[in-house]
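K.L.:
In UniProt numbering, the protein residues as written are 1 to 445.
(1) Using a Cβ-Cβ cut-off of 8 Å (strictly less than) and excluding sequence neighbours within five positions of residue 413, which residues of its own chain qualify?
(2) Here's the rule: buried if 16 or more other CB atoms are within 10 angstroms of the residue's CB, otherwise exposed. What is residue 361?
(3) Measure the C-alpha to C-alpha separation of residue 366 and residue 157 and round it to an integer number of angstroms.
(4) Counting along the chain, where does the alpha helix (DSSP H) carrying residue 85 start and finish?
(5) Would you identify the three-state DSSP class for residue 400, choosing helix, strand or coil?
(6) What is the DSSP secondary structure of residue 247, reduced to helix, strand or coil?
(7) Can you find the residues in the same chain that come closer than 7 Å, C-beta to C-beta, to residue 448, ignoring five residues on each side of it along the sequence?
(8) Tell me which same chain residues have a C-beta within less than 7 Å of the C-beta of residue 124, skipping the five on either side of it?
(9) Are there three or more Cβ pairs, one per stretch, closer than 8 Å when the region 311-326 is compared with the region 267-286?
(10) So, does the region 288-302 touch the region 224-244, judging by three or more C-beta pairs under 8 Å?
(11) Assign residue 312 to one of three DSSP states: helix, strand, or coil.
(12) For residue 391, which residues in the same chain have their Cβ closer than 8 Å to its Cβ, ignoring the five residues on either side in sequence?
(13) Quick one: what's got a C-beta closer than 7 Å to residue 352's C-beta in the same chain, skipping five residues either side?
(14) So if DSSP puts residue 307 in a beta bridge, which residue, or which two residues, is it bridged to?
(15) Taking residue 386 as the reference, give the member of 312, 315 and 305 with the closest Cα.
(16) What number of angstroms, rounded off, separates the C-alpha of residue 12 from the C-alpha of residue 314?
(17) Can you tell me the Cα-Cα spacing of residue 215 and residue 259, whole angstroms?
(18) Using DSSP bridges, identify the partner residues of residue 20.
(19) What runs of the beta strand (DSSP E), each 3 residues or longer, lie entirely inside the region 337-399?
(20) Would you mind reading off the limits of the alpha helix (DSSP H) that contains residue 47?
(21) Give the C-beta separation of residue 80 and residue 138 to the nearest angstrom, bearing in mind that I take them to be a contact with Cβ-Cβ under 8 Å.
(22) What are the boundary residues of the beta strand (DSSP E) that includes residue 440?
(23) Which one of 177, 155, 26 and 4 has the shortest CA to CA distance from residue 46?
(24) Of all the CB atoms in chain D, is at least one closer than 7 Å to the CB of residue 348?
(25) May I have the straight-line CA-CA distance separating residue 397 from residue 146, to the nearest angstrom?
(26) Got a sec, what are the start and stop residues for the beta strand (DSSP E) residue 163 sits in?
(27) If you reduce the DSSP assignment to three classes, tell me which class residue 414 lands in.
(28) Please report the residue range of the beta strand (DSSP E) in which residue 4 lies.
(29) Cα-Cα, which of 78, 9 and 21 is closest to residue 349?
(30) Got a sec, what are the start and stop residues for the beta strand (DSSP E) residue 73 sits in?
(31) For residue 184, which residues does DSSP report across the bridge?
(32) For the alpha helix (DSSP H) holding residue 91, just list the boundary residues, first then last.
(33) Assign residue 54 to one of two classes, buried (16 or more other C-beta atoms within 10 Å of its C-beta) or exposed (fewer than that).
(34) By how many angstroms is the C-alpha of residue 394 removed from the C-alpha of residue 233?
(35) Taking the continuous beta strand (DSSP E) assigned at residue 219, which residues delimit it?
(36) Do you know whose CA, among 354, 205, 63 and 343, lies nearest residue 7's CA?
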């Protein structure tokens with residue numbers, strides 16, 4: 001079977017697609033680019049915003065139009081939350097965010113049936129038979145579905161998914177309904193996966209999940225994220241270990257003391273913020289205030305030498321006044337983030353925030369995003385400038401125009417000229433300057 005996969009959304013979706021690719025190869029199938037003719041097209045969807053739903057629908061329609069006789073199978077968060085809407089697009093199979101291996105089995109079965117189809121060309125935009133919907137109630141799932149990834153391409157960095165689900169129920173977010181409750185990859189399995197990835201040659205492992213700060217909640221054995229981080233770092237001592245997005249309350253004095261003792265843990269911490277105003281955070285149903293958030297920032301800077309502290313920011317949330325936005329800008333300045341992802345609030349049907357009063361006009365949201373972006377760019381520039389003259393270990397990934405590109409432990413992109421092949425090589429770079437959002441340097445002689 002020739003199979004093409006398109007992935008929308010977050011790193012977890014990317015990880016799960018890699019796992020699907022790995023399994024398809026193991027079963028003897030051929031992976032082909034999504035823009036070419038295939039026997040089956042798999043679309044791994046995202047539903048974090050209404051725009052994500054629209055993008056997913058567009059990709060599904062393209063697949064059906066490209067090859068009417070192919071199997072079009074849809075999985076992921078959009079398929080989980082609105083399977084009927086997906087089925088109405090003329091697909092053959094709708095699955096959600098559970099039982100990925102069972103999903104692949106159904107794709108194989110449908111493709112085999114299609115290969116034996118008696119000859120009548122199905123009309124463009126329609127499946128051969130009524131779509132099969134495999135979506136069940138994800139809120140009842142309690143077991144972690146172990147999916148192996150990595151090993152398909154000459155990558156330097158591997159993602160290791162250690163957690164699924166979220167129970168925070170932020171008022172703007174649909175993901176708890178798409179992913180269900182917290183399920184954790186058992187520690188022994190995480191250690192084994194990390195060891196395997198390191199043995200395959202990966203030099204960096206990224207711990208990812210829907211909400212990795214919740215790792216261990218469902219295991220009920222007293223273990224938490226820092227226990228997992230210590231175990232993974234020990235299982236793959238030759239690889240750098242990087243953490244995905246963290247809930248700010250994860251960062252405690254004990255967490256920092258133990259994390260700072262791990263030589264292969266990257267000093268890069270993405271602390272999800274969303275707003276720097278307590279009133280806005282309360283409307284968002286975030287579980288911290290700015291005082292607790294800043295305590296996390298302070299602890300990290302006391303425990304690590306110039307760590308990269310990055311964040312997400314939503315501007316124009318319902319009810320956000322100009323004064324509240326000004327509070328957020330002042331708080332961003334105080335935290336001095338090394339990098340930020342800034343999003344205008346997107347109204348997501350099915351969430352409490354979608355029905356809140358005080359919806360901000362799109363033009364004002366965009367204007368606030370622009371103002372926040374200017375501040376973020378200045379802070380990032382100041383952070384980068386502080387590294388000029390320093391020497392950083394860089395894991396090189398690819399060459400372009402005579403320069404090798406890679407990332408330092410703080411996840412800052414670094415480029416250095418070199419004639420030799422540096423793919424997957426860890427080398428020290430003396431930083432000589434800043435270019436846009438990257439550091440420039442020369443290999444240490």
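For glycine and all other residues, C-beta sits at the position ideal for the given N, C-alpha and C.
P.N.:
Result, derived from the coordinates:
(1) In the chain shown, residue 413 corresponds to position 413, counting from 1. Cβ neighbours of residue 413 beyond the five flanking positions: 405, 406, 407, 437, 438 and 439.
(2) What you label residue 361 is simply residue 361 of the chain shown in a count that begins at 1. By the neighbour-count rule (16 or more Cβ atoms within 10 Å), residue 361 is not buried but exposed.
(3) Reading the chain shown from its first residue, position 366 is the one you call residue 366. Reading the chain shown from its first residue, position 157 is the one you call residue 157. C-alpha separation (whole angstroms): 34 Å.
(4) Sequence index remark: in the chain shown, residue 85 carries index 85 (1-based). Unbroken alpha helix (DSSP H) run through residue 85: 83-87.
(5) By 1-based counting over the chain shown, the position of residue 400 is 400. Strand at residue 400.
(6) If you number the chain shown from 1, residue 247 lands on position 247. Residue 247 falls in the coil class under three-state DSSP.
(7) This structure cannot settle anything about residue 448, because the visible part of the chain is limited to 1 through 445.
(8) The residue given as residue 124 occupies position 124 in the chain shown. The predicted position of residue 124 is uncertain, since its pLDDT is 49 and thus under 50; a value taken from the coordinates is nonetheless stated next. Only 65 and 68 meet the Cβ criterion.
(9) yes
(10) no
(11) As a first step, residue 312 is located in the chain shown; it is residue number 312 there, counting from the start. Strand, per DSSP.
(12) The residue given as residue 391 occupies position 391 in the chain shown. So the qualifying residues of the chain are 428, 429, 430, 431 and 444.
(13) Position 352 of the chain shown holds residue 352. Contacts found: 171.
(14) By 1-based counting over the chain shown, the position of residue 307 is 307. For residue 307, which the question treats as bridged, DSSP gives no partner whatsoever.
(15) As a working mapping, residue 386 is identified with position 386 in the chain shown. Among 312, 315 and 305, the Cα nearest to that of residue 386 is on 305.
(16) Position 12 of the chain shown, counting from 1, holds the residue named residue 12. Position 314 of the chain shown, counting from 1, holds the residue named residue 314. When rounded, the distance between both Cα atoms is 21 Å.
(17) Taking the chain shown and counting its residues from 1, one reaches residue 215 at position 215. Taking the chain shown and counting its residues from 1, one reaches residue 259 at position 259. Approximately 16 Å, taken between the alpha carbons.
(18) The count along the chain shown starts at 1 and reaches residue 20 at position 20. Paired residues: none, contrary to the question.
(19) 339-344
(20) Counting from one through the chain shown, the residue named residue 47 turns up at place 47. Looking at the DSSP string, residue 47 is not in any alpha helix (DSSP H), and its letter there is neither H nor E.
(21) Counting from one through the chain shown, the residue named residue 80 turns up at place 80. Counting from one through the chain shown, the residue named residue 138 turns up at place 138. Correct: roughly 6 Å between the Cβ atoms.
(22) Counted from its first residue, the chain shown places residue 440 at position 440. Per DSSP, residue 440 belongs to the beta strand (DSSP E) from 438-443.
(23) The count along the chain shown starts at 1 and reaches residue 46 at position 46. Of 177, 155, 26 and 4, the residue nearest in Cα terms is 177.
(24) This model lacks chain D altogether; it includes just one protein chain.
(25) For this step, residue 397 is matched to residue 397 along the chain shown. For this step, residue 146 is matched to residue 146 along the chain shown. Distance between the alpha carbons of residue 397 and residue 146 is about 28 Å.
(26) Position 163 of the chain shown, counted from the start, is the residue given in the question as residue 163. Residues 157-164.
(27) Counted from its first residue, the chain shown places residue 414 at position 414. Three-state DSSP puts residue 414 in a strand.
(28) Within the chain shown, the letter at position 4 stands for residue 4. That run of the beta strand (DSSP E) goes 2-7.
(29) Indexing the chain shown from 1 puts residue 349 at position 349. When each option's Cα is compared against that of residue 349, the closest is 78.
(30) On the chain shown, position 73 is the one that residue 73 refers to. Element bounds for residue 73: 71-76.
(31) The residue labelled residue 184 in the question sits at position 184 within the chain shown. DSSP output for residue 184 lists 163 as bridge partner(s).
(32) As a position in the chain shown, residue 91 is number 91, starting the count at 1. Neither: residue 91 is in no alpha helix (DSSP H) and is coded neither H nor E.
(33) Sequence index remark: in the chain shown, residue 54 carries index 54 (1-based). Exposed: under 16 other Cβ atoms inside 10 Å.
(34) Here residue 233 refers to the residue found at position 233 when the chain shown is read from its first residue. Here residue 394 refers to the residue found at position 394 when the chain shown is read from its first residue. Cα-Cα distance, rounded: 18 Å.
(35) Reading the chain shown from its first residue, position 219 is the one you call residue 219. It is not in any beta strand (DSSP E) - residue 219 carries neither H nor E in the DSSP assignment.
(36) By 1-based counting over the chain shown, the position of residue 7 is 7. Residue 7 has its Cα closest to that of 63, out of 354, 205, 63 and 343.
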